[in-house]
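Quick note on numbering: the sequence shown equals residues 1 to 120 in the UniProt record's numbering.
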Amino acid sequence: MSGQPDAVPGLIGFDDFLRVELRVGRIVEARPFPEARKPAYVLIVDFGEAIGRRKSSAQITTHYTPDALVGRLVVAVVNFPAKQIGPLRSECLVTGFHDADGAVRLCVPDGEVPLGTRLL
1 MSGQPDAVPG
11 LIGFDDFLRV
21 ELRVGRIVEA
31 RPFPEARKPA
41 YVLIVDFGEA
51 IGRRKSSAQI
61 TTHYTPDALV
71 GRLVVAVVNF
81 PAKQIGPLRS
91 ECLVTGFHDA
101 DGAVRLCVPD
111 GEVPLGTRLL
């Protein structure tokens, strides 16, 4: 054994990473999504003038209430194709991490940044 860590499976190149548009947006509306198979909210996220507002479904009901979500900054993928989730056409993917119990915590900037700013 060389002492070097094993290669990480599924390595991608930097150009692959650059193809993913991770942008900062502000949640401007959050409401329950009773038609979802698992507890979820419908989010409307504002990414600023260039991108506009996008809808998303988010299974984040354990740690967040709709009222607590409005006004929060989030990081989302904005260049996936839209996906039909029941009656909702999801237009972005809000990112998060599973905690030790499997509930999702949002991935957020630790301070104010302009809407639409790209993660690089």
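Every residue, glycine too, gets a C-beta built ideally from N, C-alpha and C.
Since the model is a prediction, treat every value here as computed from it, not as a measurement.
In this structure Ile-27 is not in contact with Leu-93, their Cβ atoms being roughly 14 Å apart against a cut-off of 8 Å. Going by beta carbons, Ala-40 and Phe-47 fall outside the 8 Å limit. The DSSP assignment places 66–69 as complete runs of the alpha helix (DSSP H) inside the segment 66–99, in order along the chain (cut-off: 4 residues).
Burial is judged here by how many other beta carbons sit within 10 angstroms of a residue's own beta carbon; Leu-43 has at least 16 and is buried. When the five nearest sequence neighbours on each side are left out, the beta carbons in the same chain lying within less than 8 Å of the beta carbon of Asn-79 are those of Arg-19, Val-20, Glu-21, in order along the chain. DSSP lists Tyr-41 as the bridge partner or partners of Pro-32.
When the beta-carbon positions are compared, Glu-112 and Arg-54 stay at least 8 Å from each other.
Between the C-alpha atoms of Arg-31 and Phe-17 there is a straight-line separation of about 32 Å. For Arg-105, the enclosing beta strand (DSSP E) starts and ends at 104–106.
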